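> I have a structure I would like to understand better, so I am pasting it below and will then ask my questions one at a time.
2 protein chains.
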Amino acid sequence: MALTPTSYIVLGLLERAGEATPYDLKQLVAGSVGNFWSVPHSQLYAEPERLADAGYLSERREPGGRRRRLYSLTQRGRDALATWRAEPTRDLPELRDPGLLKLFFGADQQALAAVRREAHRAKLAEYEARRQLDAGERPRGPWHTLDAGIAHEREWVRFWTALADERPPAEESR
Amino acid sequence: MALTPTSYIVLGLLERAGEATPYDLKQLVAGSVGNFWSVPHSQLYAEPERLADAGYLSERREPGGRRRRLYSLTQRGRDALATWRAEPTRDLPELRDPGLLKLFFGADQQALAAVRREAHRAKLAEYEARRQLDAGERPRGPWHTLDAGIAHEREWVRFWTALADERPPAEESR
DNA sequence: CCTATCATGTAATCCGTTACATGATTAT
DNA sequence: ATAATCATGTAACGGATTACATGATAGG
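These protein sequences, in sequence, are chains A and B.
With the first letter of the first sequence counted as 1, position 135 gets the number 135 in the numbering used here; the numbers rise by one all the way through.
Residues are numbered in the numbering used here as their position in the second sequence, beginning at 1, plus a constant of 1000.
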């Protein structure tokens, strides 16, 4: 089995949580790493099962009640996480922005830019509010990722604002 | 059948090309939209077939030789593309940066930042070189997307440079 | 009491990645 | 000639999205 980014998200969250159910993982993702790398909740049921099959996690059941599954890292899981974390990667992300795709293929610049500027402004405000709360947080990793998110949202706002304000040249026929 | 971003990439490229084989599409993607939204070449065989089945494309075969498949837009395809293009979207992209994921989960700040700064610098240089070539290009859409790419690469360089230069506070144990 | 939302999970589908393959050019 | 790269395509697998489902809790 090859470990995917989703795998490392599960491993990384379990390192912090110690032991967690898929539902716990869902909550943890939502408040943190989900801001820049979301994982649908069904994956948080499937992925720990795969990881447990491959020996990276151990699984036990709640004694009473719903008998929910509780996962935690095995030594193998801890090692895999440490190895991954120690190896920097050169893989770059793509923008994969749906709005950029429309722009590329000839969408109306003004209309598109106006909508997207607002959407990015809203996201930016959300991030900035959160940064207030997390100001002194340790470890610093999560805080820095939030900073990255803010910087890129600002860049998007700049980008779409420039397009919205630009007197568009008469577009020739395609 | 629901149309995905990949679908619209195929539709959009065919609008420009008029008629193209999957291999032609591969070439077209590589030089243009692939910079911010890549599509593996096997998808460029599968997706036109799906689109043709659903009536968005017509298909004919080369008369002689390899009898390759040539796709072109039907009226239905043209309409779908126009509708998509006319409707701005509020869907925002996620960063999904593999390096950010490592940072989030505690990777060594200096080592990671040094590697990633260089990787982004290289990408930035590539984009800037391309911008020289495309300077006066019409339509403007593709040129603007290149600009977006450059802006975000610059932001990444700034971000990782700041992390590389930061005197890291003694990290407490996790 | 009723209804909405949260909590919790499973199933089906399908796109996308990866691997596999082979003929045609070009370079050495 | 031989190797390498380009051109061109197919097949298999698996992760991810989406839809489906149901019990619990809280608000009105």
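A virtual CB, placed ideally from N, CA and C, is assigned to each residue, including glycine.
Treat the numbers as computed from the prediction; the structure is a model and nothing was measured.
Residues in the same chain with beta-carbon distance under 7 Å from isoleucine 1150 of chain B, minus the five sequence neighbours each way, listed in chain order, please.
Leu1124, Tyr1127, Glu1128, Arg1131
> Buried or exposed: where does tyrosine 1008 of chain B fall if 16 or more other Cβ atoms within 10 Å of its Cβ makes it buried?
buried
> So is aspartate 1091 of chain B in contact with chain A if we call contact Cβ pairs under 8 Å?
yes
> Let me know if threonine 1145 of chain B comes out buried or exposed under the rule of 16 or more other beta-carbons within 10 Å of its beta-carbon.
buried
> Taking contact to mean at least 3 C-beta pairs separated by less than 8 Å, is the segment 76-96 of chain A in contact with the segment 1015-1025 of chain B?
no
> Which whole-angstrom value is the C-beta distance of lysine 1078 of chain B and arginine 1069 of chain B, which I expect to be below 8 Å?
Position check: residue 1078 of chain B holds arginine in this sequence, whereas lysine was assumed. Not really, about 19 Å apart at Cβ, beyond 8 Å.
> Would you list, in chain order, the members of the segment 15-28 of chain A that have their beta-carbon closer than 9 Å to a beta-carbon of chain B?
Glu15, Arg16
> With H, G and I counted as helix, E and B as strand and the rest as coil, what does DSSP make of arginine 174 of chain A?
Reliability of the predicted coordinates at arginine 174 of chain A is poor, the pLDDT of 47 falling under 50, and the value obtained from them is presented with this limitation in mind. Reduced to three states, the DSSP call for arginine 174 of chain A is coil.
> Kindly give me the distance between the Cβ atoms of phenylalanine 104 of chain A and glycine 1141 of chain B, rounded to whole angstroms, as I take these residues to be in contact under 8 Å.
Contact flag correct, Cβ pair sits at about 5 Å.
> Whole angstroms is fine: what's the gap from alanine 1052 of chain B's alpha carbon to valine 1029 of chain B's?
Distance between alanine 1052 of chain B and valine 1029 of chain B, taken at the CA atoms: about 19 Å.
> Which same chain residues end up closer than 6 Å to threonine 1161 of chain B when comparing Cβ atoms and leaving out the 5 residues on each side of it in sequence?
Arg1117
> According to DSSP, which residues form a beta bridge with serine 1072 of chain B?
B/Ser1058
> From A/Arg66, A/Val115, A/Arg96, pick the residue whose C-alpha is nearest to that of glycine 1034 of chain B; which is it?
When each option's Cα is compared against that of glycine 1034 of chain B, the closest is A/Arg96.
> Leaving out the 5 sequence neighbours to the left and right, which residues in its chain are closer than 8 Å to lysine 102 of chain A when beta-carbon positions are compared?
Leu112
> Would you kindly work out how many angstroms separate the C-alpha atoms of arginine 1066 of chain B and leucine 3 of chain A, rounded to a whole number?
40 Å
> Going by DSSP, name the residue or residues bridged to alanine 1020 of chain B.
B/Tyr1071
> Counting only beta-carbon separations shorter than 8 Å, does arginine 1050 of chain B have a partner in chain A?
no
> Consider the Cβ of threonine 161 of chain A: report whether some Cβ of chain B lies at a distance smaller than 8 Å.
no
> Kindly list, in the order they appear in chain A, the residues whose Cβ is closer than 7 Å to that of arginine 1085 of chain B.
Within 7 Å Cβ-Cβ: Lys102, Phe105, Gly106, Ala107.
> Within the same chain, show all residues whose beta-carbon is closer than 7 Å to that of valine 157 of chain A, passing over the 5 residues directly before and after it, in chain order.
Shown here for valine 157 of chain A: same chain residues with a beta carbon closer than 7 Å to its own, the five before and five after excluded, namely Arg117, His120, Arg121, Leu124 in chain order.
> Note down the Cα distance separating aspartate 1147 of chain B from aspartate 91 of chain A, rounded to an integer number of angstroms.
Roughly 21 Å separates the two Cα atoms.
> Would you mind reading off the limits of the alpha helix (DSSP H) that contains aspartate 1165 of chain B?
Taken as a continuous stretch (DSSP letters only), the alpha helix (DSSP H) holding aspartate 1165 of chain B covers 1141-1165.
> Considering just the uninterrupted stretch of the alpha helix (DSSP H) at arginine 1130 of chain B, what are its terminal residues?
1109-1133
> Kindly give me the distance between the Cβ atoms of threonine 1083 of chain B and glycine 1055 of chain B, rounded to whole angstroms, as I take these residues to be in contact under 8 Å.
About 15 Å separates the beta carbon of threonine 1083 of chain B from that of glycine 1055 of chain B, a gap too long to meet the 8 Å contact definition.
> Can you tell me which of the three DSSP states aspartate 1079 of chain B falls into?
In the three-state DSSP reduction, aspartate 1079 of chain B falls in the helix class (H, G or I).
> Quick check on this structure: which residue in B/Arg1138, B/Glu1155, B/Gln1109, B/Pro1139 has the alpha carbon closest to the alpha carbon of alanine 1164 of chain B?
B/Gln1109
> Suppose you measure from the CA of serine 1173 of chain B to the CA of arginine 167 of chain A; what does that come to, to the nearest Å?
The predicted position of serine 1173 of chain B is uncertain, since its pLDDT is 47 and thus under 50; no value can be drawn from it.
> Please decide whether proline 139 of chain A counts as near chain B, where near means a Cβ-Cβ distance under 8 Å.
yes
> Could you check if glycine 18 of chain A is buried or exposed, using at least 16 other CB atoms within 10 Å of its CB as the buried criterion?
exposed
> For the alpha helix (DSSP H) that glycine 1099 of chain B lies in, which residues bound it at each end?
1098-1104
> Under the criterion of a Cβ to heavy atom distance below 7 Å, does arginine 1154 of chain B qualify as lining the ligand MN?
What this structure holds is no ligand at all, so the ligand MN is not there to describe.
> So is serine 7 of chain A in contact with chain B if we call contact Cβ pairs under 8 Å?
no
> Of all the options B/His1041, B/Pro1048, B/Ala1107, which has the alpha carbon lying nearest to the alpha carbon of glycine 1012 of chain B?
B/Pro1048
> Whose C-alpha, out of A/Ser32, A/Tyr71, A/Trp37, A/Arg76, is nearest the C-alpha of tyrosine 45 of chain A?
A/Tyr71
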